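Numbering (our numbering) for the sequence shown: 44 to 653. Just below is one structure, and these are the notes that go with it.
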Amino acid sequence: ESDRWVRVNGIPDTAKQWAAQQSPEFAPLLRAFVAGLNAWGAEHADSLSAPARAILPLTVEDVLAHGLRVIHYDWIVNPAKIATRVRRANVDVHGSNEWAIAPARSASGHALLLSNSHLEWGDMHTYFEVQLQAPGVTSYGAVWIGFPTLRQCFTDWLGWTQTTNSPNEGDLYRLKLQDGGYVLDGKVRQFEVQKQVIRVRQKDGTLRDEPLTVRRSVHGPIVVDSDGMAIALRVSSLDRPRLFEQFWKMGLAHNLDQFQDAMRIQQLPLFNTADADRDGHIIYLYNAAPPVHARGDYAFWAGVVPGDQSDLIWTKIHPYEDLPKVIDPPSGFVQNCNDTPWTSAYPMLLDPLKFAPYLAPPSGLTTRAQRSIRILSQPGKISFEALKEDKLSTYVELADHFVDDLVAQARQRGSDRAKQAADILEHWDRAADNASDGTFLFYRFIQGAGANFQAIGGYATPPDDHQPLSTPRGLADPDKAVQALDEVAGSLQKEYGSLHVLWGDVLRLRRGTLDLPGNGAPSLLGGIRTVNPGPFVNGKAQGVSGDTYFAVIEFSNPVRAEALLGYGNWSRPGSKHVEDQLPLMSSKQMRPVWRARKEIEANLESRKLF
Numbered sequence: 044e045s046d047r048w049v050r051v052n053g054i055p056d057t058a059k060q061w062a063a064q065q066s067p068e069f070a071p072l073l074r075a076f077v078a079g080l081n082a083w084g085a086e087h088a089d090s091l092s093a094p095a096r097a098i099l100p101l102t103v104e105d106v107l108a109h110g111l112r113v114i115h116y117d118w119i120v121n122p123a124k125i126a127t128r129v130r131r132a133n134v135d136v137h138g139s140n141e142w143a144i145a146p147a148r149s150a151s152g153h154a155l156l157l158s159n160s161h162l163e164w165g166d167m168h169t170y171f172e173v174q175l176q177a178p179g180v181t182s183y184g185a186v187w188i189g190f191p192t193l194r195q196c197f198t199d200w201l202g203w204t205q206t207t208n209s210p211n212e213g214d215l216y217r218l219k220l221q222d223g224g225y226v227l228d229g230k231v232r233q234f235e236v237q238k239q240v241i242r243v244r245q246k247d248g249t250l251r252d253e254p255l256t257v258r259r260s261v262h263g264p265i266v267v268d269s270d271g272m273a274i275a276l277r278v279s280s281l282d283r284p285r286l287f288e289q290f291w292k293m294g295l296a297h298n299l300d301q302f303q304d305a306m307r308i309q310q311l312p313l314f315n316t317a318d319a320d321r322d323g324h325i326i327y328l329y330n331a332a333p334p335v336h337a338r339g340d341y342a343f344w345a346g347v348v349p350g351d352q353s354d355l356i357w358t359k360i361h362p363y364e365d366l367p368k369v370i371d372p373p374s375g376f377v378q379n380c381n382d383t384p385w386t387s388a389y390p391m392l393l394d395p396l397k398f399a400p401y402l403a404p405p406s407g408l409t410t411r412a413q414r415s416i417r418i419l420s421q422p423g424k425i426s427f428e429a430l431k432e433d434k435l436s437t438y439v440e441l442a443d444h445f446v447d448d449l450v451a452q453a454r455q456r457g458s459d460r461a462k463q464a465a466d467i468l469e470h471w472d473r474a475a476d477n478a479s480d481g482t483f484l485f486y487r488f489i490q491g492a493g494a495n496f497q498a499i500g501g502y503a504t505p506p507d508d509h510q511p512l513s514t515p516r517g518l519a520d521p522d523k524a525v526q527a528l529d530e531v532a533g534s535l536q537k538e539y540g541s542l543h544v545l546w547g548d549v550l551r552l553r554r555g556t557l558d559l560p561g562n563g564a565p566s567l568l569g570g571i572r573t574v575n576p577g578p579f580v581n582g583k584a585q586g587v588s589g590d591t592y593f594a595v596i597e598f599s600n601p602v603r604a605e606a607l608l609g610y611g612n613w614s615r616p617g618s619k620h621v622e623d624q625l626p627l628m629s630s631k632q633m634r635p636v637w638r639a640r641k642e643i644e645a646n647l648e649s650r651k652l653f
């Protein structure tokens with residue numbers, strides 16, 4: 044199926060076109076990156092799996108195809124998202140946190156930055172920590188495996204971090220079929236048809252030919268073709284081949300103007316981006332390459348639009364100047380935790396009505412964003428150590444929404460079992476630490492509450508993006524909520540023999556030979572430190588996503604930074620770097636970032652000269 048997805052969308056052909064369109068400055072760097080990969084593969088062939096050896100030597104086209112697949116055909120749109128949109132449901136997005144703090148709010152007088160991605164622990168978005176030193180280059184951060192440029196980065200001059208946003212850049216058009224073709228503006232057009240063959244390796248090593256027919260309309264390839272329904276996909280930015288060069292230029296910038304120049308080329312089609320620099324500037328940017336639409340709002344383009352009207356087929360994108368952004372706000376901070384651009388500054392500075400109605404959702408403050416605003420709005424100045432403590436905090440924002448009301452209502456109208464559960468929640472520290480008693484009970488309660496908490500009746504006071512510190516709050520249907528708490532308490536007693544279940548006993552951090560107590564709040568609960576459990580087996584679950592690479596940075600001279608990559612920088616069995624960072628994650632610590640030559644040489648394991 045992944046082969047079909049790649050072929051239908053023409054990724055190999057687009058990658059070839061992109062390879063020929065690289066700039067004279069950046070093309071040699073791509074070739075050098077590929078040469079390095081091939082040299083490593085040749086030197087370490089015995090450590091590679093047979094499938095890995097089979098694809099060598101790599102080409103520039105391979106690297107560009109990988110970037111296309113990850114950014115355009117996984118992040119912007121993928122088969123699961125298409126199926127969800129066809130069902131008219133909401134689409135889940137990857138999570139992350141980003142904060143940029145101006146000198147006016149910093150205890151040291153230097154700008155601060157929090158970089159914090161929340162991704163799967165072990166898929167094609169796996170991070171690898173890296174430092175690049177060369178004339179004019181002082182980059183440190185994390186790169187996705189297979190990418191030639193850093194995804195999260197800071198330098199001697201500035202740093203940026205990114206969270207997932209959701210611009211409508213993979214539009215779906217439902218075609219009106221007629222006479223073997225499709226209708227556009229009242230006339231029947233024929234599909235462009237291409238026959239291909241996918242060769243599928245069998246268990247005995249032989250290859251079976253699987254035919255593939257690719258149909259295209261003027262909108263794009265047909266990605267849903269069943270039961271008389273044909274849906275075409277049109278993806279933004281396929282004519283912008285300098286995706287990796289934009290990342291590179293971002294890392295070469297020395298100040299806000301140069302950073303904005305790098306963003307202005309709009310080769311990278313998504314991600315909320317926060318930047319802080321040594322001069323003391325901070326910026327939030329709703330980075331995107333959104334198509335210019337003749338009509339329709341965000342909800343319209345997030346669904347499936349009519350394919351028989353040519354005025355809905357866009358041909359250009361909005362320029363950088365049209366994108367929502369906040370520069371040096373009076374509050375002294377910007378933040379984003381996968382919320383809309385309108386809440387990037389608090390009090391809110393961006394008015395959705397002043398932007399195209401389809402650029403971003405009109406509202407949608409996440410619980411992590413609420414937690415961010417609460418932390419960053421506190422009076423006083425923020426030190427490096429305080430920033431680190433705030434990043435590592437497992438406090439559960441959603442607890443403040445419900446627990447007080449839930450405890451009071453359970454005591455008033457609940458069973459003895461519900462009252463016992465209420466006692467635990469009342470004494471709970473509202474954190475998701477290793478030894479927290481009440482986290483698991485509350486997590487199970489929220490899991491059972493369902494989408495928008497419908498199963499417990501929803502909120503008494505609905506959310507208001509303009510009042511993130513006081514809304515939403517309370518229980519609209521206390522009877523439903525107390526009954527749900529009683530049922531959760533019963534299931535915990537049956538499964539664990541007690542309502543007192545410590546979070547670190549059930550959430551485990553496993554890597555290599557280690558099995559350690561876990562901490563961090565699942566995304567569902569809204570905590571800055573995020574760890575999501577996988578399936579529960581024998582009463583325990585392994586952390587499978589959430590905090591990956593995270594760093595706190597102060598733009599002093601020299602730059603000060605601490606970081607962690609919980610799942611480690613290596614996966615090959617036998618390497619100590621498979622698991623050497625996991626104990627720090629279990630104990631809620633970070634480690635200093637070594638960037639100076641003296642620090643590096645004092646901790647050097649090996650050296651290779653080329």
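Each residue gets a CB set at the ideal place from its N, CA and C atoms; glycine is no exception. Everything numeric in this text was worked out from a predicted model, so none of it was measured.
Taking just the CA atoms, how far does Ser649 sit from Asp623? 17 Å
Would you list the residues sitting across from Trp61 in a DSSP beta bridge? The partner list for Trp61 (beta bridge, DSSP) is empty, contrary to what the question assumes.
Candidates Gly555, Arg242, Phe653 and Gly561: closest to Pro616 by CA position: Gly555
First and last residue of the uninterrupted alpha helix (DSSP H) at Glu648: Neither: Glu648 is in no alpha helix (DSSP H) and is coded neither H nor E.
Identify whether Phe190 lies in helix, strand or coil by the three-state DSSP scheme. coil
Would you say Phe171 and Ile188 are within 8 Å of each other, going by their C-beta atoms? yes
Does any heavy atom of the ligand MG sit closer than 7 Å to the C-beta of Arg640? Annotation note on the ligand MG: not contained in the displayed structure, which lists no ligands.
Which complete beta strand (DSSP E) runs does the segment 157 to 211 hold, if anything under 3 residues is left out? 170 to 177, 180 to 187, 195 to 197 and 201 to 206
Ile596, enclosing beta strand (DSSP E) - first and last residue: Lys583 to Glu597
Extent of the continuous beta strand (DSSP E) run through Ser139: Gly138 to Ile144
Within the same chain, show all residues whose beta-carbon is closer than 6 Å to that of Pro404, passing over the 5 residues directly before and after it, in chain order. Tyr341 and Thr383
By the 10 Å Cβ neighbour count, where 16 or more other Cβ atoms means buried, how is Arg194 classified, buried or exposed? buried
For the alpha helix (DSSP H) that contains Met2, what are its first and last residues? Residue 2 lies beyond the residue range present for the chain, which begins at 44 and ends at 653; the question has no answer from this structure.
Could you pull out every unbroken beta strand (DSSP E) segment of at least 3 residues lying fully inside the segment 438 to 469, listed in chain order? none
Ile499 and Leu568 closer than 8 Å at C-beta: no
Going by Cα to Cα distance, which pick from Gly570, Gly53, Lys619 and Gly540 is closest to Leu281? Gly53
Pro254 - containing beta strand (DSSP E), residue span: Leu250 to Arg259
Alpha helix (DSSP H) runs wholly inside the segment 519 to 559, at least 4 long, in chain order: 521 to 539 and 546 to 549
Using the Cα positions of Asp480 and Pro565, report the straight-line distance between them to the nearest angstrom. 15 Å
Examine chain C for any beta-carbon lying closer than 8 Å to the beta-carbon of Gly407, and answer yes or no. Considering every chain present, this structure includes no chain C. It has just one protein chain.
Would the beta-carbon of Asp268 fall within 8 Å of that of Asn298? no
Identity of the residues DSSP links to Ser149 by a beta bridge: Ile425
Measure the Cβ-Cβ separation of Asn330 and Phe314 and say whether it is below 8 Å. yes
Considering just the uninterrupted stretch of the beta strand (DSSP E) at Asp214, what are its terminal residues? Gly213 to Arg217
Based on the DSSP output, what are the partners of Ser672 in its beta bridges? In the structure as shown, the chain starts at 44 and stops at 653, and residue 672 therefore has no counterpart that could be examined.
Taking Lys124 as the reference, give the member of Lys292, Val257, Trp48 and His109 with the closest Cα. Trp48
Does Val136 pass the burial test, meaning 16 or more other C-beta atoms within 10 Å, or should it be called exposed? In this prediction, Val136 has a pLDDT of 48, which is less than 50 and means its spatial position is unreliable; what the coordinates show is noted afterwards. With fewer than 16 Cβ atoms within 10 Å of its Cβ, Val136 is classed as exposed.
Can you round the beta-carbon distance between Ile119 and Glu212 to whole angstroms, since I take them to be within the 8 Å contact cut? 5 Å
Looking at the secondary structure, which residues open and close the beta strand (DSSP E) in which Asp320 lies? Asn315 to Asp320
Between Ser534, Arg217, Leu484 and Gln289, which has its C-alpha nearest Asp270's C-alpha? Arg217
Counted within 10 angstroms of its Cβ, other Cβ atoms place Ile98 as buried (16 or more) or exposed: exposed
Tell me whether Lys238 sits in a helix, a strand or coil according to DSSP, three-state version. strand
Asn81 - containing alpha helix (DSSP H), residue span: Ala70 to Glu86
Comparing C-alpha positions only, which one of Gln65, Phe234 and Gly563 sits nearest to Arg258? Phe234
CB-CB length for Ala465 against Val450, believed under 8 Å: 4 Å
Which value, in whole angstroms, describes the spacing of the CA atoms of Asp46 and Asp56? 14 Å
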